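For the sequence shown, position 124 (counting from the first letter as 1) is numbered 124 according to UniProt numbering, and the numbering increases by one without interruption. We put the beta carbon where it would ideally sit given N, CA and C, even for glycine. Computed from a predicted model, the values in this text were never measured in an experiment. Below is one structure, written out as structure tokens; comments come after it.
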Amino acid sequence: MIEILVTGENFLGRGIRSLGTVISELIVSAADEIHIVAYLITSTAFIDLLSQAAGRGVKVYMLLNNLLEQPHAVREKLLTAAKEYDHFTIKEFCKTNRGVLHAKAIVVDRARAIVGSANFTHAGMTEGNYEIAVLVTGREAAIIAKLIELL
């Protein structure tokens, strides 16, 4: 099954759910693991949700293009979470690969995945930008998690 998700004032209110709301719902409902692939994260609230999930025992595997290119506050929260929880893993694409990792996806429990254009920023997930994403459920979500692990 596929569900369309959006941000942007003109997109919302048409029976299509908000990307930021669904991202939060997925993280809060995670039971086993969360995979994230991201170019840019500026939302500390997003990192707080991931840290809370790790506190519940959920494994967090995050693949970033470049940790040093993330804002200082985000970098500090990520490093704190990785230090506090053995099962909070951060990998950097730029250290082992050529090119730029520009993908944006989150997979929860290998059962549900969001793939789209939005960075994990306030503007990208809630308001400011016009973004479109898809929520995928089923075996395709597990494939996306495996692709993230390959990098």
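Subject >> Sequence-distant residues of its chain with Cβ nearer than 6 Å to phenylalanine 88 (five each side left out) >> reply: Here the set comprises Ala54, Val60, Ala81, Ala82.
- request: Mind listing, in chain order, the continuous beta strand (DSSP E) runs of no fewer than 3 residues lying wholly within the stretch 30 to 78?
  value: 33 to 38, 59 to 64
What is the C-beta distance between leucine 26 and arginine 112, in whole angstroms, given that I count them as a contact (C-beta under 8 Å)? 6 Å
(message) On the criterion of 16 or more Cβ atoms from any shown chain inside 10 Å, does leucine 150 qualify as buried, or is it exposed?
(response) Only exposed fits leucine 150, as fewer than 16 other CB atoms lie within 10 angstroms of its CB.
>> Can you find the residues in the same chain that come closer than 7 Å, C-beta to C-beta, to alanine 145, ignoring five residues on each side of it along the sequence?
In response: Closer than 7 Å at the Cβ level, and outside the excluded window around alanine 145, lie His35, Val107, Arg110.
Does DSSP classify lysine 104 as helix, strand or coil? coil
Which of helix, strand or coil does DSSP assign to glycine 124? helix
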